[in-house]
Amino acid sequence: MKNLMSQLRTALVATVLLAVILCGVYPALVWTIAQALFPERANGSLVVKNGKIVGSELIGQNFAGAKYFHSRPSMAGEMGYDATSSGGSNLGPTSKKLIDSVRERVKAYRAENNLPLSVKTPVDAVTASASGLDPHISVRNALLQAPRVAKDRGMEEKAVVEKIEANTQGRDLYILGEPRVNVLNVNLSLDAR
Amino acid sequence: MDHFGWIQLTLFVGILLVLTKPMGVYLTKVLDVEGKTFLDLAIGPVERFFYSLLGIDPKKEQDWKQYSFSLISFSLVGTLFTYAILRLQHLLPLNPQGFGPVSGQLSFNTAISFATNTNWQNYAGESTMSYLSQMVGLTFHNFASAATGIAVAAALARGVARNSAKTIGNFWTDVIRTILYVLLPICLVYALLLVSQGMIQNFNPYAKVEVVAPYASPVPGKDAEGRQSPPQRKVETQTIVQGPMASQVAIKMLGTNGGGFTNANAAHPYENPTPLSNFLQMLSIFLIPSGLTYYLGRVVKDQRHGWAVWSAMAAIFLVGFLICWWAESTGNPHMHALGIDAASGNMEGKETRFGIFNSALFATVTTDASCGAVNSMHDSFTPLGGLVPLLNIQLGEVIFGGVGAGLYGMIVFVVLAVFLAGLMIGKTPEYLGKKIEAYDVKASVMFIMVPVLGILGSTAWAATSAWGLAGLNNSGPHGFSEILYAYSSTTGNNGSAFAGLNANTCWYNITLGIAMLLGRFFMIIPILALAGNLAGKKSRPLGEGSFPVSGPMFTVLLTGTVLIVGALTFFPALSLGPIVEHYLMTHSNILF
């Protein structure tokens, strides 16, 4: 019994001491250095336009209308792209609900971008991302949307493709991950023109 | 399966291999109370201050019962500490979003979940937890449970190495030295690297954004009168999560905890902003478990044994990964039939920046280790792609495994492998000069049987109960897989999920909580008993007749033991879930 009490006492003191260091000093130290070295990133990579915060470079948002590049389908929150409710569909490969909604999305995507039969639908354009906040689309998806965007804005298609290229990130260190187009950035650059 | 994937895989395994020795050497110094490290000057005074306040003599060792006793006291106090913080978070500071208290059963589940290094999450972090709950209530266990796992592994390695000894180390010394010398310094640098990639670290309230292109969107479902065409809602703003994320994520990965700051975990663009941050996160999951195999070699003075264990782990890891990668690259024939580009694989529940390769690799790594962070939604994987993470967990997470937990689990399989080999050749089984006797085999078999009970027993119960089926997001075989995954993940202290399952219900909170306790403490106690028993044995000098525990033959034997035990136990359950779903997907048009 004496041993039990002394072990619990040690455990209690250890918990308090460790909590001070690990949950107080450590995050505060990371916060201080991060705010000094990378203030913009530590605060969310927010994008400001005309004095207003219009989004974050890292957080996808929904774009409707023909003049914008469209983000991937999103299952975050009931309306999609709800950045307080990240998550995916969690529907499995033999889910009727999943296959039905993909079929609808394929139909809509092919119609709005006027795809000929010979062109396959890019998979990222019709599937929901894991976070529901994916800020990127594949390069192929962007290029297939370019004619629509160009037409709606009355621009040369070549100029729109140039915007895509300017907002394409390659693989990290030339090796890691996948090439991708940041949807918010490419749309903002089109608006700024 | 493109060549960029193969290059990334080579890079990943290559860097892991290179880091194994330095990490192992460093761990050897930290886990020896007399060991000298280059951080002594900075950390030594803090360490001594800890000992003086705790009133312990760091060099006074404990037998296995005292060691277990300290471990349980520490876990118990920590669990209550977190439970209290979650229940009282509305009264505590750093709660800019004004979240209310976490419910009693959810707090019970969450406190156990983090204390057992599981980090199963029946909640969405960004809409439930205050910054203080994340930073103190949860992060505390990310360090403490990781250090506890490493301490147990060290105790077992000492048990194997020592000759007629009564003690296996001092729990408090092991935990404090591990935290101060290993986890904390690495996390400090690592967290800043993550911020440099775009991860947030602030205490601001959630950012209110005016979206570039406001749009009207139909509210899903029917309207009040039950009409099919629902009303439109105008979306003009987006609220973006903020918080002290980087400091928590660093230890979440390094300590193989895996509990996400946000619901989407490492798929969230803040929580894993770039492919480079993703690469670092995967590497940091395996870093300590891999280094511990080298530590084992050092402690038992047979470095080839350490590498043989490493090789067995690496072999199972690679086979599992290749299956997962292949399955996800091949994709879903139901989607291809809709005119979707088949070459791009299965992108449902995956992020563009990671693609197929990095999603499959992350899923394999996080379940080989008992991490459980996810950068893609395992629930939406193809059946065989999802089988790999599930089976990885069921094999006991000994493929590198959780920090400490992987090594002590693998040593149990070594004991079993040696025992089986002894039966086959008709010799007394012997592990590095220690006779393996009935007591050791019993303790090891208990380690194998607890998960069987926890996983298969609970799954059977839930799959035949109304409360079990009520939480499902998918039906058919995939629904069964959701339940099987949940109990595998919690019993295995992994924490990843087929996340469609809504388990924040009374029954699930409690049964999953019990599964986590079972999978942690009913496995650690037999391990410590084994450690104590092995330590007490007399080591016989190794000679011609000794059973070799290194070299390719032993690696094959060890790999075989892990796979055969796992396959025999779980194959029937897997047939009812992912395996039958695979054949339904490829050979029929049946949807659920």
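First to last, the protein sequences are chains G and Z.
Numbering that gives the first Met the number 0 puts the first residue of the first sequence at 0, with every later residue one more than the last.
Numbering that gives the first Met the number 0 puts the first residue of the second sequence at 0, with every later residue one more than the last.
Beta carbons are placed, not taken as given, at the ideal position from N, Cα and C, and that holds for glycine.
Since the model is a prediction, treat every value here as computed from it, not as a measurement.
{"query": "Can you tell which of K58(Z), L40(Z), F139(Z) and W119(Z) has its C-alpha closest to the C-alpha of F80(Z)?", "result": "F139(Z)"}
{"query": "In terms of DSSP beta bridges, what is E429(Z) paired with?", "result": "K434(Z)"}
{"query": "Would you say H135(G) reaches chain Z, if we count a Cβ-Cβ gap shorter than 8 Å as a contact?", "result": "yes"}
{"query": "Let me check understanding here. Comparing Cα to Cα, which of A420(Z), P213(Z) and Y205(Z) lies closest to L45(G)?", "result": "Y205(Z)"}
{"query": "Who are the neighbours of G354(Z) on chain G, taking C-beta pairs under 8 Å?", "result": "G176 and E177"}
{"query": "Shorter than 8 Å from the beta carbon of W324(Z) to some beta carbon of chain G?", "result": "no"}
{"query": "Expressed to the nearest angstrom, what Euclidean distance is found between the alpha-carbon atoms of A437(Z) and L415(Z)?", "result": "11 Å"}
{"query": "In the structure shown, what three-state DSSP assignment does Q60(G) receive?", "result": "coil"}
{"query": "Would the stretch 72-91 of chain G count as touching the stretch 124-132 of chain Z if we require 3 or more Cβ pairs under 8 Å?", "result": "yes"}
{"query": "Return helix, strand or coil for Q619(Z), following the three-state DSSP convention.", "result": "With chain Z covering 0 to 591 only, the question about residue 619(Z) has no answer from this structure."}
{"query": "Quick check on the DSSP output: the alpha helix (DSSP H) that includes R40(G) runs from which residue to which?", "result": "P38 to A41"}
{"query": "Report the residue from N492(Z), C323(Z) and L131(Z) whose alpha carbon sits nearest the alpha carbon of V101(Z).", "result": "L131(Z)"}
{"query": "Going by beta carbon distance, what residues of the same chain come within less than 7 Å of Q7(Z), once the five residues before and after it are set aside?", "result": "F356"}
{"query": "I need the straight-line Cα distance from G542(Z) to G432(Z), nearest angstrom please.", "result": "9 Å"}
{"query": "Pick helix, strand or coil for L175(G), following the three-state DSSP scheme.", "result": "strand"}
{"query": "Taking S5(G) as the reference, give the member of L53(Z), L30(Z) and L15(Z) with the closest Cα.", "result": "L53(Z)"}
{"query": "Confirm, please, whether the CB-CB distance from L105(Z) to N118(Z) is below 8 Å.", "result": "no"}
{"query": "How long is the line joining the alpha carbons of Y80(G) and Y269(Z), rounded to whole angstroms?", "result": "14 Å"}
{"query": "Within its chain, find whatever has a CB closer than 8 Å to the CB of T585(Z); leave out the 5 residues flanking it on each side and keep chain order.", "result": "P332"}
{"query": "Expressed to the nearest angstrom, what Euclidean distance is found between the alpha-carbon atoms of F479(Z) and G576(Z)?", "result": "6 Å"}
{"query": "Ignore the nearest five residues each way along the sequence and tell me which others in V32(Z)'s own chain have a CB closer than 6 Å to its CB.", "result": "P57, K58 and T172"}
{"query": "For the putative contact between S246(Z) and V29(G), defined by C-beta atoms under 8 Å, what is the C-beta separation to the nearest angstrom?", "result": "4 Å"}
{"query": "When the cut-off is 8 Å and only beta carbons count, does M445(Z) lie next to chain G?", "result": "no"}
{"query": "Using a 10 Å radius around the Cβ and a threshold of 16 neighbouring Cβ atoms, would you call T463(Z) buried or exposed?", "result": "exposed"}
{"query": "Buried or exposed for T427(Z), going by 16 or more other Cβ atoms inside 10 Å?", "result": "exposed"}
{"query": "For P146(G), go through chain Z and note every residue whose CB falls closer than 9 Å to its CB, in chain order.", "result": "Chain Z residues near P146(G): none, gap ~18 Å exceeds 9 Å."}
{"query": "Does the beta carbon of F37(G) come closer than 8 Å to any beta carbon on chain Z?", "result": "yes"}
{"query": "Need the endpoints of the beta strand (DSSP E) that K51(G) sits in, please.", "result": "K51 to S55"}
{"query": "Just the C-alpha distance for F553(Z) and A359(Z), rounded to the nearest angstrom, thanks.", "result": "29 Å"}
{"query": "If you measure from the beta carbon of H69(G) to each beta carbon in chain Z, is any gap under 8 Å?", "result": "no"}
{"query": "Please classify E191(Z) as buried or exposed, where buried requires at least 16 other C-beta atoms within 10 Å of its C-beta.", "result": "What sits at residue 191(Z) in the sequence shown is Leu, not Glu. Its Cβ being crowded by 16 or more others within 10 Å, L191(Z) is buried."}
{"query": "Please report whether the beta-carbon of V105(G) lies at a distance below 8 Å from any beta-carbon of chain Z.", "result": "yes"}
{"query": "Could you tell me the alpha carbon to alpha carbon distance between K48(G) and E235(Z), rounded to whole angstroms?", "result": "15 Å"}
{"query": "For Y214(Z), which of helix, strand or coil comes out of DSSP?", "result": "strand"}
{"query": "Please list, in chain order, the chain G residues whose beta carbon lies closer than 7 Å to that of P382(Z).", "result": "P92"}
{"query": "Pull up the CB-CB distance for V397(Z) and G405(Z), whole angstroms please, since I reckon it's below 8 Å.", "result": "6 Å"}
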